[in-house]
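Engineer: Sending over a structure as structure tokens; questions will come in a sec.
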Amino acid sequence: MDFALLRDAFWGLTFDGLALGAIYALISLGYTLVYGVLRLINFAHSEVFMIGTFSALVASGIMGVKIEDDPRTGWGMVFTLLICLIAAMLASGITAVLVEIIAYRRLRQRGATKLATLISAIGVSISLVELFRIITDSLPREFPRIMDKTFLFSYAGADIRNDKVIVIIAAGLMMFALERFITKSRYGKGIRAVSMDESTSTLMGVNINKVITVTFLAGGMMAGAAAFFYILVYENTSFKVGFFLGISAFTAAVLGGIGNLKGALFGGFVLGILETYTSAVFGTAWKAVISFLILVLVLLIKPTGLFGESIQQARV
Amino acid sequence: MKKIISAIATVALVVGTAVAVAPAANAACSGKLKIAYQGPLTGPEAALGINELNGVKFALKKFLAANKGANVDPTVYEVDDQGDPAVAGPIAPKVAAEECVVALVGPAYSGASKVSLPVYLSAGLSIITPSATNPTLPSFGKEIFHRAVLTDDYQGPAAARLIVSKNKNAKVFLVNDASDYAVGLQKTVDITLAGRVVGKDVTPTGTTDFTATIAKIKKSKATAVFYSGYFSQAAVFVKQLRDSGSKITFASGDGTLDDQFIKLARKAAEGALLTAPAIPMETASPKLAAEMVKAGWKPGVYTTESYDAANFFLDAIKAGNTTRASINKYVSTKSHKGLSKTLKFDAEGEVSGADVNGFIVKNGKLVLLGAIK
Numbered sequence: 000m001d002f003a004l005l006r007d008a009f010w011g012l013t014f015d016g017l018a019l020g021a022i023y024a025l026i027s028l029g030y031t032l033v034y035g036v037l038r039l040i041n042f043a044h045s046e047v048f049m050i051g052t053f054s055a056l057v058a059s060g061i062m063g064v065k066i067e068d069d070p071r072t073g074w075g076m077v078f079t080l081l082i083c084l085i086a087a088m089l090a091s092g093i094t095a096v097l098v099e100i101i102a103y104r105r106l107r108q109r110g111a112t113k114l115a116t117l118i119s120a121i122g123v124s125i126s127l128v129e130l131f132r133i134i135t136d137s138l139p140r141e142f143p144r145i146m147d148k149t150f151l152f153s154y155a156g157a158d159i160r161n162d163k164v165i166v167i168i169a170a171g172l173m174m175f176a177l178e179r180f181i182t183k184s185r186y187g188k189g190i191r192a193v194s195m196d197e198s199t200s201t202l203m204g205v206n207i208n209k210v211i212t213v214t215f216l217a218g219g220m221m222a223g224a225a226a227f228f229y230i231l232v233y234e235n236t237s238f239k240v241g242f243f244l245g246i247s248a249f250t251a252a253v254l255g256g257i258g259n260l261k262g263a264l265f266g267g268f269v270l271g272i273l274e275t276y277t278s279a280v281f282g283t284a285w286k287a288v289i290s291f292l293i294l295v296l297v298l299l300i301k302p303t304g305l306f307g308e309s310i311q312q313a314r315v
Numbered sequence: 000m001k002k003i004i005s006a007i008a009t010v011a012l013v014v015g016t017a018v019a020v021a022p023a024a025n026a027a028c029s030g031k032l033k034i035a036y037q038g039p040l041t042g043p044e045a046a047l048g049i050n051e052l053n054g055v056k057f058a059l060k061k062f063l064a065a066n067k068g069a070n071v072d073p074t075v076y077e078v079d080d081q082g083d084p085a086v087a088g089p090i091a092p093k094v095a096a097e098e099c100v101v102a103l104v105g106p107a108y109s110g111a112s113k114v115s116l117p118v119y120l121s122a123g124l125s126i127i128t129p130s131a132t133n134p135t136l137p138s139f140g141k142e143i144f145h146r147a148v149l150t151d152d153y154q155g156p157a158a159a160r161l162i163v164s165k166n167k168n169a170k171v172f173l174v175n176d177a178s179d180y181a182v183g184l185q186k187t188v189d190i191t192l193a194g195r196v197v198g199k200d201v202t203p204t205g206t207t208d209f210t211a212t213i214a215k216i217k218k219s220k221a222t223a224v225f226y227s228g229y230f231s232q233a234a235v236f237v238k239q240l241r242d243s244g245s246k247i248t249f250a251s252g253d254g255t256l257d258d259q260f261i262k263l264a265r266k267a268a269e270g271a272l273l274t275a276p277a278i279p280m281e282t283a284s285p286k287l288a289a290e291m292v293k294a295g296w297k298p299g300v301y302t303t304e305s306y307d308a309a310n311f312f313l314d315a316i317k318a319g320n321t322t323r324a325s326i327n328k329y330v331s332t333k334s335h336k337g338l339s340k341t342l343k344f345d346a347e348g349e350v351s352g353a354d355v356n357g358f359i360v361k362n363g364k365l366v367l368l369g370a371i372k
């Protein structure tokens, strides 16, 4: 155990943990939104994320970025990054909507059990992973460096790097936008209504299929944004990239209280920081052991997660 | 956790099926004799397996061109274990049950070898691995096990000497990926470096964020880091290390010695010191290397050793051996003058008289530094 490291490198570890947590938080929003509305764990969400990383990669290729190029600068760089971000968000959003239509909608309309839907979700997840395994010959892919990585400043021994700052700020903005959408827009109202009571909101004239499509689209787009930020920082992806990140993000959602937007956000950041701290103190191999033990402890004390369970309860 | 459970399940399955397939040892092959290759042909480690498979294919092609009437199948029997013990476990019994498979080059990886060897032992199938370097492997079936390279007992100390030769006052931080191979290799590096080791961390396969490990390395004031593991994760690690502003020496073993490592890590790979008990085809025989490229197969790490291993088996067949038992007896007792070295196995199936080579990444290319003294 190395508590001295945590003390000496505290701010550096916290900053890096926040950047990782921001990515977890963005992915976990997708789990939480879908759970809030359908009371269903969308196990294919990790693959929605995976498809986002590959879409950003393809978009960078279309923008003429080559692996061996030097990083771009100025507006050219901003434009290229934005295109990659939009491509990832669109691809993930569309994938999420398609997954809902193909794997869940018919089951839901025919009143299938939650278990059948769960198996359908796992089936979609495995098919997508295997599809990408075949397409990529099982090899990891690298993302070209579009933006040079530089240190902006140093604070209490922590080197603050530009890409991680962008991730933290952009993730915050995305979540703010999503929150406004849920609280202010018509569809947001629909989502909250359905999450409160599905049959009553149908009687009130809410088009439930449309609301569910919008929910999957919003969650998918957040996963797409997470995918872009992930690939910006870590610069690589593979067919199995969604597995570990998906589990972590799902954990974050449960930690914060699944079905609750604020909980997902908070859970993501907490888990990101927690994993970084435990890696530092106990060694990276112990990261999962300690983080999940803490999760179990939190749930033992507060089974609904830190912020309680559903979208309407927390009133986002 | 899932991996651990599946590994346990695999071992249980292997032990169970090993008994079931045992009769295959005596069953006769009615068609053409087959040479098998086992290693990762898909999956993140596929590049290494393909290097080796190409060596076997090339050896077979040359053999059949020289011995037209030979009763050997011109196609290599490919066994894709993805370098993963959990995948290798269920596949090995199927290979053992193929009556016409009389010899196997591989398995490429130590973890996969540990689960496969007991099965091949009970089936009497002779194997020569070109790259599984974990020293404990003979204990899993030394009767049929042969190894065409030196073990990690040699590679680790050589890697340690290479680091010190480039960096006189080296203070080294050790990182491994928790695989059988990585843990074994790191142990020997650790013993040789002794007082120079300033810290250690384990980053299990699948780790993508190395933040905490890098913080530890920085705090330890290490001047070099030795990464024990495979190239796909090594590339991610070295990239994050360089992005964190660290300029310390990066060194790694044969798991990282692959063009894919340079392709994935790009500029971050520059200056990396790598070791392998292997010799590149281009160095061993420029003429054969050129011939291979012309035939459409690119030689890479362990191609030479795989080529030698396949040729030893083909020698045995040429000498009139057609059963698993007689082929195993031949390679266990005779010798073969290969490109990399003369293959002559001791009672444990180990080879002697070979070197561990050092390499450095320079301008995006692997450059041979020569045998590490």
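Taken in sequence, the protein lines are chains F and S.
Per numbering that gives the first Met the number 0: the first sequence = residues 0 to 315.
Per numbering that gives the first Met the number 0: the second sequence = residues 0 to 372.
Positions of the beta carbon are idealized from the N, C-alpha and C atoms, including for glycine.
Measuring alpha carbon to alpha carbon, tell me which of Phe152(F), Glu197(F), Leu177(F) ends up nearest Gln108(F).
Structural biologist: On the first sequence, position 109 is the one that residue 108(F) refers to. Among Phe152(F), Glu197(F), Leu177(F), the Cα nearest to that of Gln108(F) belongs to Glu197(F).
Engineer: Which residues in chain F sit within 8 Å of Val182(S), going by Cβ to Cβ distance?
Structural biologist: As a working mapping, residue 182(S) is identified with position 183 in the second sequence. Those do not exist, as Val182(S) stays about 11 Å from chain F at its closest Cβ, beyond 8 Å.
Engineer: Check whether the Cβ of Ala233(S) lies closer than 7 Å to any Cβ atom in chain F.
Structural biologist: Taking the first residue of the second sequence as position 1, residue 233(S) is located at position 234. Chain F, which has no Cβ nearer than 7 Å to the Cβ of Ala233(S), makes this no.
Engineer: Within 7 Å of any Cβ in chain F, is that where the Cβ of Thr282(S) sits?
Structural biologist: Here the question's residue 282(S) lines up with position 283 in the second sequence. No, its Cβ sits nowhere closer than 7 Å to a Cβ of chain F.
Engineer: What residue does the beta strand (DSSP E) around Ala157(F) start on, and which one ends it?
Structural biologist: On the first sequence, residue 157(F) is found 158 positions in, with the first residue counted as 1. Per DSSP, Ala157(F) belongs to the beta strand (DSSP E) from 157-160.
Engineer: With distances taken from CA atoms, which of Leu28(F), Ser91(F), Val280(F) is nearest Thr52(F)?
Structural biologist: As a first step, residue 52(F) must be located in the first sequence, where it is residue number 53. Cα-wise, what sits closest to Thr52(F) is Ser91(F).
Engineer: With H, G and I counted as helix, E and B as strand and the rest as coil, what does DSSP make of Ser194(F)?
Structural biologist: Here residue 194(F) refers to the residue found at position 195 when the first sequence is read from its first residue. Reduced to three states, the DSSP call for Ser194(F) is helix.
Engineer: Is DSSP giving Tyr229(S) helix, strand or coil here?
Structural biologist: Walking along the second sequence from the start, residue 229(S) turns up at place 230. DSSP places Tyr229(S) in coil when its eight states are reduced to three.
Engineer: What are the start and end residues of the beta strand (DSSP E) that includes Gln154(S)?
Structural biologist: In the second sequence, the residue the question calls residue 154(S) occupies position 155. Not the beta strand (DSSP E): Gln154(S) falls in the alpha helix (DSSP H), residues 151-165.
Engineer: By DSSP's criteria, Val197(S) is part of a beta bridge. Which residues make up the other side?
Structural biologist: The residue labelled residue 197(S) in the question sits at position 198 within the second sequence. Answer by DSSP bridge pairing: none, since Val197(S) is not bridged.
Engineer: Since Ala147(S) and Asp307(S) should fall inside the 8 Å C-beta cutoff, what is the C-beta to C-beta distance between them, to a whole number of angstroms?
Structural biologist: As a first step, residue 147(S) must be located in the second sequence, where it is residue number 148. As a first step, residue 307(S) must be located in the second sequence, where it is residue number 308. That belief holds up - the Cβ atoms of Ala147(S) and Asp307(S) are roughly 6 Å apart, short of 8 Å.
Engineer: If I'm right that Ala107(S) touches Gly38(S) with Cβ under 8 Å, what's the distance once you round it to whole angstroms?
Structural biologist: As a working mapping, residue 107(S) is identified with position 108 in the second sequence. As a working mapping, residue 38(S) is identified with position 39 in the second sequence. With a Cβ gap of about 3 Å, Ala107(S) and Gly38(S) count as contacting.
Engineer: Which partner residues does Ser251(S) have in the DSSP bridge list?
Structural biologist: Locating residue 251(S) in the second sequence gives position 252, where the first residue counts as 1. Beta-bridge pairing links Ser251(S) to Tyr226(S), Leu273(S).
Engineer: Assuming Lys333(S) is part of the beta strand (DSSP E), what are its boundary residues?
Structural biologist: The residue you call residue 333(S) lines up with position 334 of the second sequence. It is not in any beta strand (DSSP E) - Lys333(S) carries neither H nor E in the DSSP assignment.
Engineer: Would you say Ser109(S) and Tyr36(S) are within 7 Å of each other, going by their C-beta atoms?
Structural biologist: Indexing the second sequence from 1 puts residue 109(S) at position 110. Indexing the second sequence from 1 puts residue 36(S) at position 37. No, these two residues do not count as a Cβ contact at 7 Å.
Engineer: Taking the alpha-carbon of Thr221(F) as reference, which of Gly16(F), Leu28(F), Leu17(F), Phe150(F) has the nearest alpha-carbon?
Structural biologist: By one-based count along the first sequence, residue 221(F) stands at place 222. Sequence inspection shows Met at residue 221(F); the Thr mentioned does not correspond to that position. For Met221(F), the nearest C-alpha among the options comes from Leu28(F).
Engineer: What's the gap between the Cα of Glu46(F) and the Cα of Glu142(S)?
Structural biologist: Taking the first sequence and counting its residues from 1, the one referred to as residue 46(F) is at position 47. Taking the second sequence and counting its residues from 1, the one referred to as residue 142(S) is at position 143. Taking the straight line joining both Cα atoms gives about 46 Å.
Engineer: Tell me the DSSP secondary structure of Glu141(F) in three-state form.
Structural biologist: As a position in the first sequence, residue 141(F) is number 142, starting the count at 1. Residue state, collapsed to three classes: strand.
Engineer: Is the Cβ-Cβ distance between Ala251(F) and Gly266(F) less than 7 Å?
Structural biologist: Numbered from its first residue, the first sequence carries residue 251(F) at position 252. Numbered from its first residue, the first sequence carries residue 266(F) at position 267. Against a cut-off of 7 Å, the Cβ pair of Gly266(F) and Ala251(F) comes out as a contact.
Engineer: Take Tyr23(F) and list the residues in its own chain whose beta-carbon comes closer than 6 Å to its own, dropping the five residues that flank it on each side.
Structural biologist: Taking the first residue of the first sequence as position 1, residue 23(F) is located at position 24. Excluding residues within five positions, the ones whose Cβ falls inside 6 Å are Ser247, Ala248, Ala251, Gly267, Leu270, Gly271.
Engineer: Which residues of the region 192-211 of chain S have a Cβ closer than 7 Å to any Cβ of chain F? Give them in chain order.
Structural biologist: Correct list: Asp200, Val201, Thr202, Pro203, Gly205, Thr206, Thr207, Asp208, Thr210, Ala211.
Engineer: What three-state label does DSSP hand Phe0(F) in the structure shown?
Structural biologist: Stepping through the first sequence from its first residue, residue 0(F) is reached at position 1. In the sequence under discussion, the amino acid at residue 0(F) is Met, which differs from the Phe named in the question. Looking at Met0(F) - three-state DSSP - the assignment turns out to be coil, as it is neither helix nor strand.
Engineer: Could you list the residues in the region 218-236 of chain F with a C-beta less than 8 Å from some C-beta on chain S, going in chain order?
Structural biologist: Within the region 218-236 of chain F, the residues whose Cβ lies closer than 8 Å to some Cβ of chain S are Tyr233, Glu234, Asn235, listed in chain order.
Engineer: Where do the N-terminal and C-terminal ends of the alpha helix (DSSP H) with Val360(S) fall, by residue?
Structural biologist: What you label residue 360(S) is simply residue 361 of the second sequence in a count that begins at 1. Careful: Val360(S) lies outside any alpha helix (DSSP H), inside the beta strand (DSSP E) at 356-361.
Engineer: Go ahead and pull the three-state DSSP assignment for Phe260(S).
Structural biologist: Locating residue 260(S) in the second sequence gives position 261, counting from the first residue. Three-state DSSP puts Phe260(S) in a helix.
Engineer: Flag Glu99(F) as yes if its beta-carbon sits less than 7 Å from any beta-carbon of chain S, otherwise no.
Structural biologist: Within the first sequence, the letter at position 100 stands for residue 99(F). No - not a single Cβ of chain S is within 7 Å of the one on Glu99(F).
Engineer: Give me, in chain order, the residues of the same chain whose beta-carbon lies closer than 7 Å to that of Thr94(F); leave out the 5 immediate sequence neighbours on both sides.
Structural biologist: Your numbering for residue 94(F) matches position 95 in the first sequence. Hits under 7 Å: Val47, Ile50, Gly219.
Engineer: List the residues of chain F that Asp242(S) touches, going by C-beta distances under 8 Å, in chain order.
Structural biologist: The sequence position of residue 242(S) within the second sequence is 243, counting from 1. Going along chain F in sequence order, the residues near Asp242(S) (Cβ under 8 Å) are Lys148, Arg160.
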